[in-house]
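Chemist: Note that our numbering gives residue 275 to position 222 of the sequence shown, counting from 1, and the numbers run on in steps of one. Virtual Cβ for every residue (Gly too), placed ideally from N, Cα, C.
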Amino acid sequence: MPSINTNFDWVDTPNPAERAFSITAKEGPQDELPDFNAGVVYWSDCPKWIKSAEAVPPSLQGYTLVNAMKADYQKRSFIFGKTRTDLERNTPFQVSWVKRMQFWPTVLLKLWFEQGNLSLSSTPADGSVVHTRRKTRDGAMYPTWFKTSRFLSERPWPRSSNKSPTPITDTIHWSFDGSAGSIPECLHPGCRFPRFQSSGKVLFGAGTPEVEIGGDAMAQEFPATPMTDWEVYPVEDTTQNIGGFWFRELVEAYPPIDDREHSL
54 MPSINTNFDW
64 VDTPNPAERA
74 FSITAKEGPQ
84 DELPDFNAGV
94 VYWSDCPKWI
104 KSAEAVPPSL
114 QGYTLVNAMK
124 ADYQKRSFIF
134 GKTRTDLERN
144 TPFQVSWVKR
154 MQFWPTVLLK
164 LWFEQGNLSL
174 SSTPADGSVV
184 HTRRKTRDGA
194 MYPTWFKTSR
204 FLSERPWPRS
214 SNKSPTPITD
224 TIHWSFDGSA
234 GSIPECLHPG
244 CRFPRFQSSG
254 KVLFGAGTPE
264 VEIGGDAMAQ
274 EFPATPMTDW
284 EVYPVEDTTQ
294 NIGGFWFREL
304 VEAYPPIDDR
314 EHSL
């Protein structure tokens, strides 16, 4: 019977449908370890004392060194994983779905003001009455689908510069002649209101008359929230090292399908 070669072995990865391989080599006092933490080290880049331990087929010679560990007396095992393109690295090897309850915040879709001659109490007015009109999507707990995507890489993912939107809410409030109100903790596309409790008429001779006023106090503004309506957003994005391989799990919340709007 042929002898069993113990210098080569297959290794499991976090992806059950993918395998890596290991090479066990005898290391001497002068043998240096390849520094795969400082940069990418392929099988072809390894020192002779590692490559001479076992012949590796051409299909595996482009694999990347991901881990090294003590194997036996003066022996060390080196783990090599599949080298990926950026597209492969960012394509999930497994996707699963689960539905559970999730809170979705109130969304201010539209806000405007109308001038009327009668107040809401039907008391005659002088024309300065301002009615507030708005359309919102009410915030509440809704059944929500969560998508979990799992990725595998032979090296760490770089810190992403692509900022995903998050449902960070804002409280907008206004108080100007004829109207006052607020909408707490909502997503909104950005709001702008006239001078705070002011008609805008400047009283000359008071303050700093030598300095032009311009538009310093023209309006009160609330910049748009990162998300302006319900949309897919990442709830969790975690990365961990498992046996030298980088495993990433991304959980995304998908908004409930509810197009109803509430008007006031």
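Once you ignore the five residues that flank Tyr126 on each side, which residues in its own chain have a CB closer than 6 Å to its CB?
Modeler: Hits under 6 Å: none found.
Chemist: Out of Gln83, Ser75, Glu238 and Ser228, which one is the CA nearest neighbour of Gly192?
Modeler: Taking only the C-alpha atoms, the option nearest Gly192 is Glu238.
Chemist: Just how far apart, CA to CA, sit Asp230 and Ile236?
Modeler: If I take the Cα positions, the gap works out to 18 Å.
Chemist: Quick check on Arg72: buried or exposed, where buried means 16 or more other Cβ atoms within 10 Å of its Cβ?
Modeler: With fewer than 16 Cβ atoms within 10 Å of its Cβ, Arg72 is classed as exposed.
Chemist: What runs of the beta strand (DSSP E), each 3 residues or longer, lie entirely inside the stretch 171–245?
Modeler: Counting whole runs of 3 or more residues, the stretch 171–245 contains the beta strand (DSSP E) stretches 177–190, 193–206, 223–229 and 232–240.
Chemist: Buried or exposed for Thr117, going by 16 or more other Cβ atoms inside 10 Å?
Modeler: Under this definition Thr117 is a buried residue.
Chemist: Pull up the distance between the alpha-carbon of Arg187 and that of Phe166, whole angstroms please.
Modeler: Between Arg187 and Phe166, the C-alpha separation is close to 8 Å.
Chemist: By a C-beta neighbour count over all protein chains shown, 10 Å radius and 16 as the cutoff for buried, is Arg206 buried or exposed?
Modeler: The question names Arg, but residue 206 in the sequence shown is Ser. By the neighbour-count rule (16 or more Cβ atoms within 10 Å), Ser206 is buried.
Chemist: Going by DSSP in three states, Asp62 sits in which element: helix, strand or coil?
Modeler: The answer is strand: DSSP assigns Asp62 an E or B state.
Chemist: For Phe275 and Gly234, which I take to be in contact (beta-carbon distance under 8 Å), what is that distance rounded to the nearest angstrom?
Modeler: That pair is no contact at about 13 Å.
Chemist: For Asp98, which three-state DSSP category applies?
Modeler: Of the three classes helix, strand and coil, the one that applies to Asp98 here is helix, per DSSP.
Chemist: Does the Cβ-Cβ distance between Thr278 and His241 come in under 8 Å?
Modeler: In this structure, His241 lies closer than 8 Å to Thr278 by Cβ.
Chemist: Which two residues bound the contiguous alpha helix (DSSP H) that contains Arg137?
Modeler: Counting along the chain, Arg137 falls outside any alpha helix (DSSP H), and DSSP gives it neither H nor E.
Chemist: Is it the case that the Cβ atoms of Trp96 and Gln114 are separated by a distance below 8 Å?
Modeler: Their beta carbons are under 8 Å apart, which means Trp96 touches Gln114 by this criterion.
Chemist: Please report the straight-line C-alpha distance between Thr136 and Arg153, rounded to a whole angstrom.
Modeler: Going from the Cα of Thr136 to the Cα of Arg153 covers about 37 Å.
Chemist: Among Lys79, Ala91, Val285 and Pro287, whose alpha-carbon lies nearest the alpha-carbon of Ile103?
Modeler: Minimum Cα distance to Ile103 is reached at Lys79.
Chemist: Can you give me the C-alpha to C-alpha distance between Tyr286 and Val148, rounded to a whole angstrom?
Modeler: Rounded to the nearest angstrom, the two C-alpha atoms are 16 Å apart.
Chemist: Under a three-way DSSP split, which group does Ser130 fall into?
Modeler: It is a strand residue.
Chemist: Is Pro276 helix, strand or coil when you go by DSSP?
Modeler: Reduced to three states, the DSSP call for Pro276 is coil.
Chemist: If we ignore side chains and look at the alpha-carbon of each, how far apart do Phe337 and Met194 end up?
Modeler: Any question about residue 337 goes unanswered here, given that the chain covers just 54 to 317.
Chemist: Out of curiosity, what's the CA-to-CA distance linking Trp283 and Gln293?
Modeler: Distance between the alpha carbons of Trp283 and Gln293: 30 Å.
Chemist: Which residues does DSSP pair with Lys123 in a beta bridge?
Modeler: Paired residue(s): Arg129.
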